[in-house]
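All residue numbers for the sequence shown refer to the numbering used here, where the first residue is 265 and numbers rise by one. Below is one structure; the comments refer to it alone.
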Amino acid sequence: MATTEWWQRGPVDGVPALLQPVAHILLQVRDSVDELTANLTEAEWNARPANVASCAFHIRHIAGVIDRLFTYARGESLTEAQFAALRREGDHLPQTDVRAALDALHTRVDAAVSQLRGTDPSTLADFRAVGRAKLPSTVIGCLVHGAEHSMRHVGQLSVTSRIVREHT
Numbered sequence: 265m266a267t268t269e270w271w272q273r274g275p276v277d278g279v280p281a282l283l284q285p286v287a288h289i290l291l292q293v294r295d296s297v298d299e300l301t302a303n304l305t306e307a308e309w310n311a312r313p314a315n316v317a318s319c320a321f322h323i324r325h326i327a328g329v330i331d332r333l334f335t336y337a338r339g340e341s342l343t344e345a346q347f348a349a350l351r352r353e354g355d356h357l358p359q360t361d362v363r364a365a366l367d368a369l370h371t372r373v374d375a376a377v378s379q380l381r382g383t384d385p386s387t388l389a390d391f392r393a394v395g396r397a398k399l400p401s402t403v404i405g406c407l408v409h410g411a412e413h414s415m416r417h418v419g420q421l422s423v424t425s426r427i428v429r430e431h432t
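As structure tokens, then:
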């Protein structure tokens, strides 16, 4: 692992200056997830100590949050496939599917950073409707919340992964 966090490594190539913090957070999420989940057993991936969300849930939810919020940032509605993925976030994760789940998160982060590269900074204040209720937000609101919410789950993953390593 790098000795510095992404925000300390300088600009991410091609990402507009106003969106650098979003890119830094997303790239840090990816690195942190890999570090926190290295060598978890199937039991540890799926454990729910004190009935909290499992490590498996967190990595699926992080990928899903980024996907959904960046979809809204583009001004699009969610697809049935996105709703189906949302319904599966809490499912048991077999050890044989761990690599695919982590790869899906990596792919989602890479796609999000690519989207940031193509985002015109003049659109950041544009209105975006979020969810079925069409709650009011903006392009930057969706992008920032996608990154912030993902990092919130990295914090939860950090605690859960440490607890399950000690108690399973």
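Think of the CB as a built atom: it goes at the ideal place given N, C-alpha and C, for glycine as much as any other residue. Just so it is clear, the structure is predicted and the values come from calculations on it, not from any experiment.
query: Can you look up alanine 317 in the DSSP assignment and give me helix, strand or coil?; result: coil
query: Tell me whether histidine 325, by its Cβ, gets closer than 6 Å to a heavy atom of the ligand SAH.; result: For the structure depicted, the ligand SAH is absent and the ligand set is empty, with no information on it obtainable.
query: For the alpha helix (DSSP H) holding glutamate 301, just list the boundary residues, first then last.; result: A small correction: the amino acid at residue 301 is threonine; glutamate does not occupy that position in the sequence shown. Element bounds for threonine 301: 284 to 301.
query: Are valine 297 and isoleucine 330 close, meaning C-beta to C-beta below 7 Å?; result: no
query: Could you spell out where the alpha helix (DSSP H) holding serine 422 opens and where it closes?; result: 403 to 431
query: Here's the rule I'm using: 16 or more other beta-carbon atoms within 10 Å means buried, otherwise exposed. How should threonine 268 be labelled?; result: exposed
query: Any idea if glutamine 292 is buried or exposed, counting beta-carbon neighbours within 10 angstroms, 16 or more meaning buried?; result: buried
query: Grab me the residues of serine 328's own chain with a C-beta within less than 7 Å of its C-beta, minus the 5 sequence neighbours each way, in chain order.; result: As written in the sequence, residue 328 is glycine, which differs from the serine given in the question. Correct list, in chain order: Ala349, Leu350 and Glu353.
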